[in-house]
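In UniProt numbering, the protein residues as written are 1 to 839.
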């Protein structure tokens with residue numbers, strides 16, 4: 001449904017956010033078919049039926065036809081304080097049907113908040129029997145089913161989530177189970193490009209609502225500097241913004257407070273632009289009575305509300321909602337710089353000669369023995385070389401067996417790379433592959449098509465990464481499945497990012513690794529690619545790189561270890577290929593900037609400890625007790641220069657991780673480019689990162705091996721991320737892959753000894769990932785006994801590979817290892833199984 005005009009059910013609470021999100025749906029040409037609302041069961045007179053209220057009718061019976069008066073009923077003097085739904089002001093919501101001339105469907109909230117994790121694990125909870133049925137989130141299901149029965153063309157659901165992962169994941173869970181596309185146009189809205197010249201603060205959203213004609217009144221306050229004197233304040237006005245900010249400032253309010261995201265206040269919308277509100281709602285002064293709940297919490301009981309006619313305007317004013325700019329300041333600057341001629345290439349320095357982070361004596365190198373890397377390909381007979389569906393089922397069955405044999409579950413997989421012969425098979429693969437994952441936050445994923453570069457008779461090859469069974473690697477993730485302006489939704493069986501602890505001997509260190517899915521240049525609001533006639537490869541490079549940066553910032557990534565930009569096959573000459581590939585290197589370098597640059601401010605995010613986020617922790621008295629008194633949610637820029645040593649900060653050019661360009665057959669959705677960051681690193685100690693670059697002695701970097709080593713402190717040890725690049729030469733003829741593979745080990749050891757001269761000699765460690773130019777290499781796919789593929793490590797076959805400075809390469813390999821500064825018992829045992837096995 002990407003780019004299509006949708007038929008939307010608008011989930012409303014009466015508050016400002018749900019209505020402003022609804023207006024963005026209208027702005028994008030979607031049609032609102034109905035409003036849907038959940039209200040406290042205490043006001044339901046025991047009925048659980050869905051109540052339909054047609055425009056011009058008002059009532060609380062199932063038929064919705066108890067009368068034609070337009071006054072709201074009285075309600076009990078108690079607020080439900082739901083974790084999920086706003087319930088204050090629900091007594092006037094029936095008036096919205098006539099005010100907007102849209103049918104309204106209402107149902108009582110059933111159950112309470114039983115599942116309080118940040119991510120809503122419906123499948124796990126459902127397996128426990130009555131728990132899911134008793135969670136208030138499930139109240140949406142019968143309500144929306146009733147709406148869909150009356151409006152069978154409905155195919156989308158919009159909600160007003162801004163910063164609350166708690167709310168967003170629950171709405172997404174229900175929407176996707178019903179086949180509805182979730183829309184959350186306000187997701188991260190306050191962190192996206194603002195109005196030029198406007199105050200750079202989150203309250204700009206309130207000003208945007210006011211500019212759109214939304215009249216929202218505060219009807220509940222919950223301390224944090226606000227009191228009952230702020231009740232009925234028109235918060236969508238400049239005066240209201242100033243008063244709220246002034247009150248909150250006294251208490252050092254956290255991010256989102258000015259919007260009420262921490263439960264500081266709640267609102268009711270009484271009017272909006274003429275395209276939606278045909279009448280306005282009026283509440284007499286005498287009908288607004290304060291109900292105090294104690295602890296600084298108070299809300300308004302609203303009685304006597306009625307509809308009033310609005311002045312007729314001819315012609316009707318056009319809807320005015322602000323859509324954030326596609327590119328933030330940083331990436332607009334990158335785009336502008338790429339429009340300029342490329343600067344003359346500078347001679348690449350060899351970097352520092354050794355690392356100062358690790359003592360020079362008693363140093364050992366060993367593989368990352370807490371992570372498993374597997375190659376999984378279908379048996380030759382599975383699909384007969386033509387049936388991708390059968391091949392995928394075979395691959396999925398092998399993955400299940402592999403996980404079971406190693407004491408793992410699908411939810412522990414951290415990342416997957418899928419190589420397809422044809423990108424047309426993507427949807428079919430997704431159907432079967434997705435059946436592996438029934439829990440929140442499936443693994444991150446990169447998918448590319450390699451065409452006929454895949455082994456004969458195989459249409460799919462997959463590479464998986466997962467922790468070994470005894471490794472304690474707490475896993476969290478980011479899986480945004482709603483359309484927004486922030487970054488593309490991931491509606492398939494993969495997350496934007498998966499985060500795990502870097503472990504040594506099964507014990508987690510403080511260092512965390514973030515694995516991010518491949519990013520293509522989709523327009524987030526429509527999930528469509530920019531029109532081919534109106535976009536260039538340069539623009540696609542910048543937009544998809546911004547997606548990577550925003551996800552990284554949301555996950556609080558401080559630096560990348562390395563990256564690859566995949567490009568769809570180009571059939572032009574070598575000079576044109578080189579020019580295109582170099583654009584990726586320039587964009588990568590420009591995005592890193594220098595320590596003197598200002599922060600982009602475009603990432604921002606929730607707490608990511610796997611538990612409730614800011615909104616969840618502060619929403620009411622019961623939940624506040626679960627969280628800290630203050631929550632810091634701001635993200636560092638990428639890179640966080642404080643993570644590097646001072647001498648590297650003084651030479652920012654030496655801190656830019658290596659980036660490579662790989663030409664494959666095609667990419668998802670016909671994209672021209674897809675970004676793949678190999679590791680995002682966070683929780684780094686200040687001054688503990690060094691990036692060392694070596695070239696083969698006696699060369700200028702154009703003829704011999706090159707290596708990049710990023711060393712990062714992790715407790716008592718250091719993690720070393722290494723990229724090895726082999727240029728080779730086309731006139732030398734194709735090199736046998738076996739020969740190249742045998743040379744990798746010694747070259748890697750040689751380079752590591754340059755990094756640490758006194759290091760003990762490691763075994764012949766293998767990389768966890770490689771890229772090979774099959775125009776310069778032969779014999780990649782070896783078969784064992786005619787049945788399986790004999791792969792020593794994960795390899796992506798390419799039409800061409802290019803280095804950071806535009807040099808064509810024959811092969812690139814990536815390693816992850818641990819440097820220990822003390823004797824390691826059983827080191828030989830740790831080396832067992834370092835290579836990648838094929839299953």
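From the three backbone atoms N, C-alpha and C, an ideal C-beta is built for every residue, glycine too.
**Study point:** Identified DSSP bridge partners for residue 708
**Key:** According to DSSP, residue 708 bridges with 693, 723.
Practice item. Return helix, strand or coil for residue 789, following the three-state DSSP convention. Key: If DSSP states are grouped into helix, strand and coil, residue 789 belongs with the strands.
Check your understanding: Hey, quick one: how far does the alpha helix (DSSP H) through residue 646 stretch, first residue to last?
Key -> Per DSSP, residue 646 belongs to the alpha helix (DSSP H) from 646-649.
Check your understanding: Thinking just about the alpha-carbon of each residue, which of 757, 645, 736 is nearest to the one in residue 691?
Key -> Cα-wise, what sits closest to residue 691 is 645.
Check your understanding: Between residue 778 and residue 737, is the Cβ-Cβ spacing less than 8 Å?
Key -> In this structure, residue 737 lies closer than 8 Å to residue 778 by Cβ.
Check your understanding: Terminal residues of the continuous alpha helix (DSSP H) containing residue 588?
Key -> Start and end: 574-592.
**Study point:** 8 Å CB neighbourhood of residue 108 in its chain, flanking five on each side removed
**Key:** The residues are 38, 39, 40, 41, 43, 44, 47, 48, 139.
Point to revise | Secondary structure of residue 632, DSSP reduced to three states | key: Because residue 632 carries a pLDDT of 34, less than 50, the predicted location of this residue cannot be relied on, and no value is offered for it.
**Study point:** Nearest-angstrom Cα separation, counted from residue 713 out to residue 689
**Key:** Their backbone Cα atoms lie some 7 Å apart in a straight line.
Review point. Excluding sequence positions up to five away, which residues of its chain have a Cβ less than 6 Å from the Cβ of residue 247?
Key: Excluding residues within five positions, the ones whose Cβ falls inside 6 Å are 225, 226.
Review point. Mind checking residue 67: buried by the 16 CB within 10 Å criterion, or exposed?
Key: With a pLDDT of only 36 at residue 67, under the threshold of 50, the placement of this residue in the model should not be trusted; the figure read from the coordinates follows. By the beta-carbon neighbour count (other beta carbons within 10 angstroms, threshold 16), residue 67 is exposed.
**Study point:** Cβ contact (3+ pairs, closer than 8 Å) linking the region 661-669 and the region 793-811
**Key:** Yes: at least three Cβ pairs fall under 8 Å.
Check your understanding: Enumerated in chain order, which unbroken segments of the beta strand (DSSP E) with a length of 3 residues or greater are wholly contained in the region 405-461?
Key -> Runs of the beta strand (DSSP E) inside the region 405-461: 415-420, 444-449.
Point to revise | residue 391 to residue 480 span [Cα, whole Å] | key: When rounded, the distance between both Cα atoms is 29 Å.
Check your understanding: Would residue 574 be called buried (16 or more neighbouring beta carbons within 10 Å of its own) or exposed?
Key -> Counting other Cβ atoms within 10 Å of its Cβ, residue 574 stays below 16 and is therefore classed as exposed.
Exercise for review: Along the alpha helix (DSSP H) that carries residue 752, what are the first and last residues, could you check?
Suggested key: Residue 752 -> alpha helix (DSSP H) spans 737-755.
Review point. Can the beta-carbon of residue 546 be found closer than 8 Å to that of residue 328?
Key: Yes, these two residues count as a Cβ contact at 8 Å.
Practice item. Measure the C-alpha to C-alpha separation of residue 572 and residue 579 and round it to an integer number of angstroms. Key: When rounded, the separation of the alpha-carbon atoms in residue 572 and residue 579 is 11 Å.
**Study point:** Residue from 191, 521, 766, 92 with nearest C-alpha to residue 567
**Key:** The option with the nearest alpha carbon to residue 567 is 521.
Check your understanding: Is residue 202 buried or exposed, if buried means 16 or more other CB atoms sit within 10 Å of its CB?
Key -> Its Cβ being crowded by 16 or more others within 10 Å, residue 202 is buried.
Check your understanding: Per the contact definition of three or more C-beta pairs closer than 8 Å, is the region 444-461 in contact with the region 403-421?
Key -> Yes, they touch.
Exercise for review: Report the rounded CA-to-CA distance for residue 607 versus residue 637, giving the unit in angstroms.
Suggested key: Residue placement at residue 607 cannot be trusted, given a pLDDT of 40 that sits under 50; the coordinates are not used to answer.
Review point. To the nearest angstrom, how far is it from the Cα of residue 498 to the Cα of residue 316?
Key: Those two C-alpha atoms are separated by around 48 Å.
Exercise for review: Would you mind reading off the limits of the alpha helix (DSSP H) that contains residue 99?
Suggested key: First-last of the alpha helix (DSSP H) with residue 99: 96-100.
Point to revise | Three-way DSSP call (helix, strand, coil) for residue 515 in this model | key: Residue 515: strand per DSSP, three-state reduction.
Review point. How about residue 218: is its Cβ closer than 7 Å to a heavy atom in the ligand ATP?
Key: You won't find the ligand ATP in this model; it holds no ligand whatsoever.
Check your understanding: Which residues does DSSP pair with residue 105 in a beta bridge?
Key -> Under the DSSP definition of a beta bridge, residue 105 partners with 36, 52.
Point to revise | Closest residue to residue 680 among 710, 311, 706 (Cα-Cα distance) | key: Per the Cα distances, 710.
Point to revise | Spatially closest choice to residue 276 from 325, 215, 288, 228, by CA coordinates | key: Comparing alpha-carbon positions, the option among 325, 215, 288, 228 lying closest to residue 276 turns out to be 215.
Review point. Looking at the unbroken beta strand (DSSP E) that takes in residue 474, where does it start and where does it end?
Key: Where residue 474 is concerned, there is no enclosing beta strand (DSSP E), because DSSP gives it neither an H nor an E.
Exercise for review: Flag this pair as yes or no: are the beta carbons of residue 673 and residue 807 separated by less than 8 Å?
Suggested key: Taking 8 Å as the Cβ cut-off, residue 673 and residue 807 do not qualify as a contacting pair.
Review point. Leaving out five residues before and five after residue 564 in sequence, what residues of the same chain have Cβ atoms less than 6 Å from its Cβ?
Key: Same-chain partners within the cutoff: 660, 662, 676.
Exercise for review: Using a Cβ-Cβ cut-off of 8 Å, state whether residue 718 counts as contacting chain B.
Suggested key: Reference to chain B is not applicable here, since this structure consists of a single protein chain.
Review point. In terms of residue numbering, what span does the beta strand (DSSP E) encompassing residue 365 cover?
Key: 364-367 is the extent of the beta strand (DSSP E) around residue 365.
Review point. Under the three-state reduction of DSSP, which class applies to residue 228: helix, strand or coil?
Key: In the three-state scheme derived from DSSP, where H, G and I count as helix and E and B as strand, residue 228 is classed as helix.
Practice item. Tell me whether the beta-carbon of residue 281 lies closer than 8 Å to the beta-carbon of residue 89. Key: Between residue 281 and residue 89, the C-beta spacing is not below 8 Å.
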